[in-house]
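Asks: Here it is, the structure in full.
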Amino acid sequence: MNDSLRAISITENRNEDRWAELSLPLRSVIMVVSNTVTREVWWMSDAFVTAIANVVSAQTDLSPAEVEELIETPPSSEMGDYAVPCFALARKWRKPPAAIAAELAAKIAPSEYLAKVENAGPYLNFFVNKRCLAEETLKRVATEGARYGTSNVGAGKTVVIDFSHPNIAKPFGIHHLRSTVIGNALRNVYRALGYHVVGINHLGDWGTQFGKLLAAWQRWGTGELTEDISVATLLQLYVRIHDEIENDPAVEEEARAWFRRLEQGDPEARRMWEVCRNVSLKEFNRVYEMLGITFESVAGESFYQDKIHDTLQRLQDKGLTTVSEGATIVDLKPWGMPPFIARRRDDASLYATRDLAAAEYRWSTYHFDKMLYVVDVAQSLHFQQLFKVLELMGYEWHARCAHVVFGRMLGLSTREGKVIFLEDVLNHSIELARKMVEEKNPDLPNKDEVAQQVGIGAVIFADLKRGRIKDYVFDWEEVLNPFGDTGPYLQYTHARFCSILRKAAQPVVMGGVDYARLSEAETVALIKAIAAFPRAVQQAARDYEPSIVSRALLDIADKANKFYEKHQVIGVEETTFHARLLLVDCTRQVLANGLRLLGIAAPEEM
RNA sequence: GCACCCGUAGCUCAAUGGGAUAGAGCGUUGGCCUCCGGAGCCAAAGGCUGCGUGUUCGAAUCACGCCGGGUGCGCCA
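Position one of the first sequence corresponds to residue 4 (my numbering), numbered consecutively onward.
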């Protein structure tokens, strides 16, 4: 990031926290809060796991639940489908783990579900009945359809997600992409798990920056500020006043004065502010529409303007505030943090103040079980302080708040203070997708629509495929490359399987399918990948990590293409045909479901 | 200076509550369409998991200490 851009990003909003520390207490709280959610939720608990747990439990002094905790997946399917390591038993029984594994392997007889048991060193490896695996999995997908992967673990619970939150009077930059798509994906994931989700766009529509903007207009603007002004012009004004302030600090006082007028409800200031807000919102909405993102609530910082007085009063009543150098602060020294500044020397409110008021308001409004702030790592300290203050105020729900941290976006080749507009990136990507579609599928009737879906999907997936914590090195080539582990690859696989269904020209039937026909290595691998999907969705929610869904999808697509390469569907003997056709349909279904969770379209042709 | 985050193949990233031989994609090299979509598949090459010590039957994963990078640290958001 170069200097001019850095100057602009001084006022960028929302970010960070001690994610690792917070996630743990949060999880334990959740478990206490709801009796229905237990640790088992995060584990696979299908028929095979249960069968293994029972059969091993019968031969040991471990309970089925204890055995379940031990079950893992071998590194290679040739070793088995599930494994129970015997190290824990070895300590208990004071015998070598390999001997125990061998002993258990000999004692456990094959059953309908578990076709074979053998030991490999200290591991007790189970081979499942492939027919059962196929039947369990595909019946479930076919029956649940678009609901496959969802559950009701969140029924009756509310999650508030604060995401996107672009800054008014500034363009919707590429750096807002992360919070926007991560937040949206989490919103979809939680909703899929039955939670009531409140997605909030906490717009950066208040603060000293508007004082600067208004001061700039007064200096250089001509006539009245009206809504025909563009965001680009507003940005220019902002950059210009910013430079001016650097040269002449007195100008800053001018800006502060304007912000004070705004906070005190001065009609002229208020009117100009509204113009800026409306102009920006119009532009933001265009981007949200492209991304297919909506919010349950658009309550920016300004929304809390009339609430901060009471918030400050409560802080004071609880004896938490002190006055230091004219400002009202909460001393956090005992917790090794700098003070939380609640009110400025000149009585104006601050970002932190408004966040505090927002937290209180959201609690009283939603009584959430969780509140997630999807904000980049730069604001870690801010949220640490905020959560600590909530705790000091005696709010037990402070532990339900978590900062969903993501890394900064780097590697943007910005020329001289130019912010990269997200809209431009999306359009660029759409253009490339259009060329690709034109080349690959010139007769497609809805080429424009598909180009949109593929182009935008590429940008979204590029962001969501990696863990959110790492800095994201934005690379045009990577984002626009349609080959490899990309959004277009997933969409292509989906379209390819849709194509088989079209060409087959026969209804997919579930009744009478001979699942024993689905036993080749590539086929089983695909079925397993499909079976793993629901768990990935739950893990994504547990870790606030959409990339877990992304990777599950890549795995399914990878296995799907390998299956496709090796096994013909159309034109093979009828019993096998029907079995494979069902698998194709289930594959298509789960890919579509997963893409939807990520906020990516799944066109049937491309 | 203090705090937090991140160091895994040339590059971007994985590695299922610490487990078996650390895996993908991009890039490089070489193969595969008379056959359901080649935006695909197969194969090769590429690693002291930043360094060290410790805990453990077992460490990329946990602890401590270094080194390197990023970010933050009182009236910006």
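Backbone N, C-alpha and C define an ideal beta-carbon position, used for all residues, glycine too.
Buried or exposed: where does histidine 312 fall if 16 or more other Cβ atoms within 10 Å of its Cβ makes it buried?
Replies: exposed
Asks: Please check the pair arginine 346 and alanine 362, which I expect to be a contact at CB under 8 angstroms, by giving their CB distance rounded to whole angstroms.
Replies: Incorrect: roughly 17 angstroms between the Cβ atoms, too far for contact.
Asks: Glutamine 455: buried (16+ other C-beta within 10 angstroms of its C-beta) or exposed?
Replies: buried
Asks: If you draw a straight line from the C-alpha of glycine 490 to the C-alpha of aspartate 309, how long is it?
Replies: 44 angstroms
Asks: Quick one: residues in its chain with C-beta nearer than 6 angstroms to the C-beta of threonine 590, no 5 flanking neighbours on either side, listed in chain order?
Replies: Phe500 and Ala563
Asks: By the 10 Å Cβ neighbour count, where 16 or more other Cβ atoms means buried, how is glutamine 212 classified, buried or exposed?
Replies: buried
Asks: Rounded to whole angstroms, what's the CA-CA distance from proline 485 to isoleucine 530? Just pull it up for me.
Replies: 26 angstroms
Asks: Any idea what DSSP makes of glutamate 304, helix, strand or coil?
Replies: helix
Asks: Which stretch, first to last residue, makes up the beta strand (DSSP E) that contains arginine 346?
Replies: It spans 343-346 - the beta strand (DSSP E) in which arginine 346 sits, taken as one unbroken run.
Asks: For leucine 127, write down the residues that DSSP places opposite it in a beta bridge.
Replies: According to DSSP, which records beta bridges pairwise, leucine 127 is partnered with Val87 and Asn122.
Asks: Is the beta carbon of glutamate 71 sitting closer than 8 angstroms to the one on valine 52?
Replies: yes
Asks: Between the Cα of arginine 289 and the Cα atoms of Met374, Gly159 and Asp427, which residue gives the shortest distance?
Replies: Asp427
Asks: Are the beta-carbon atoms belonging to glycine 152 and valine 540 less than 8 angstroms from one another?
Replies: yes
Asks: Can you grab the Cα-Cα spacing for the pair serine 31 / arginine 403, in whole Å?
Replies: The pLDDT assigned to serine 31 is 27, lower than 50, so where the model puts this residue is not dependable; a value taken from the coordinates is nonetheless given after this. Whole-angstrom Cα-Cα distance: 10 angstroms.
Asks: State the beta-bridge partners of histidine 406 as determined by DSSP.
Replies: Histidine 406 is bridged by DSSP to Tyr376.
Asks: Where does aspartate 165 fall in DSSP's three states?
Replies: strand
Asks: With glycine 202 as the anchor, note down where its beta strand (DSSP E) starts and where it stops.
Replies: 199-203
Asks: Could you name the residues that DSSP lists as bridge partners for glutamate 75?
Replies: In the DSSP assignment, the residues bridged to glutamate 75 are Ala86.
Asks: Using 8 angstroms as the threshold, is the C-beta distance between leucine 315 and valine 333 below it?
Replies: no
Asks: For the stretch 219-239 against the stretch 199-207, do three or more pairs of beta-carbon atoms, one drawn from each stretch, fall closer than 8 angstroms, so that the two count as touching?
Replies: no
Asks: How would you call lysine 160, buried or exposed, if buried means at least 16 neighbouring beta carbons within 10 angstroms?
Replies: buried
Asks: Any idea what DSSP makes of isoleucine 185, helix, strand or coil?
Replies: It is helical.
Asks: Would you give the residue range spanned by the alpha helix (DSSP H) that alanine 534 belongs to?
Replies: Alanine 534: member of the alpha helix (DSSP H) spanning 524-534, first to last residue.
Asks: Within the chosen definition, does the stretch 177-184 reach the stretch 459-469 through at least 3 CB pairs nearer than 8 angstroms?
Replies: yes
Asks: Can you say whether glutamate 115 is buried or exposed, counting buried as having 16 or more other CB atoms within 10 angstroms of its CB?
Replies: exposed
Asks: Three or more C-beta pairs under 8 angstroms: does that hold for the stretch 395-411 against the stretch 429-440?
Replies: no
Asks: Assuming threonine 140 is part of the alpha helix (DSSP H), what are its boundary residues?
Replies: 133-147
Asks: What are the boundary residues of the alpha helix (DSSP H) that includes isoleucine 244?
Replies: 234-250
Asks: Below 8 angstroms on the Cβ atoms is my guess for valine 380 versus leucine 359; work out the distance and round it to an integer in Å.
Replies: Valine 380 to leucine 359, Cβ: 21 angstroms. No contact.
Asks: Distance check for isoleucine 533 and leucine 107, CA to CA, integer angstroms please.
Replies: Going from the Cα of leucine 107 to the Cα of isoleucine 533 covers about 30 angstroms.
Asks: Do the CB positions of proline 606 and valine 422 come within less than 8 angstroms of each other?
Replies: no
Asks: Just curious, the alpha helix (DSSP H) that valine 326 is in, first and last residue?
Replies: Segment 324-327 is the beta strand (DSSP E) holding valine 326; no alpha helix (DSSP H) there.
Asks: Is leucine 598 helix, strand or coil when you go by DSSP?
Replies: The answer is helix: DSSP assigns leucine 598 an H, G or I state.
Asks: Out of curiosity, what's the CA-to-CA distance linking serine 48 and isoleucine 171?
Replies: Residue placement at serine 48 is flagged as unreliable, the pLDDT there being 49, under the threshold of 50; a coordinate-derived value is accordingly withheld.
Asks: Taking C-beta to C-beta, are glycine 303 and leucine 228 nearer than 8 angstroms?
Replies: no
Asks: Taking the alpha carbon of alanine 544 as the point to measure from, which residue in Gly157, Arg134 and Glu69 has its own alpha carbon closest?
Replies: Gly157
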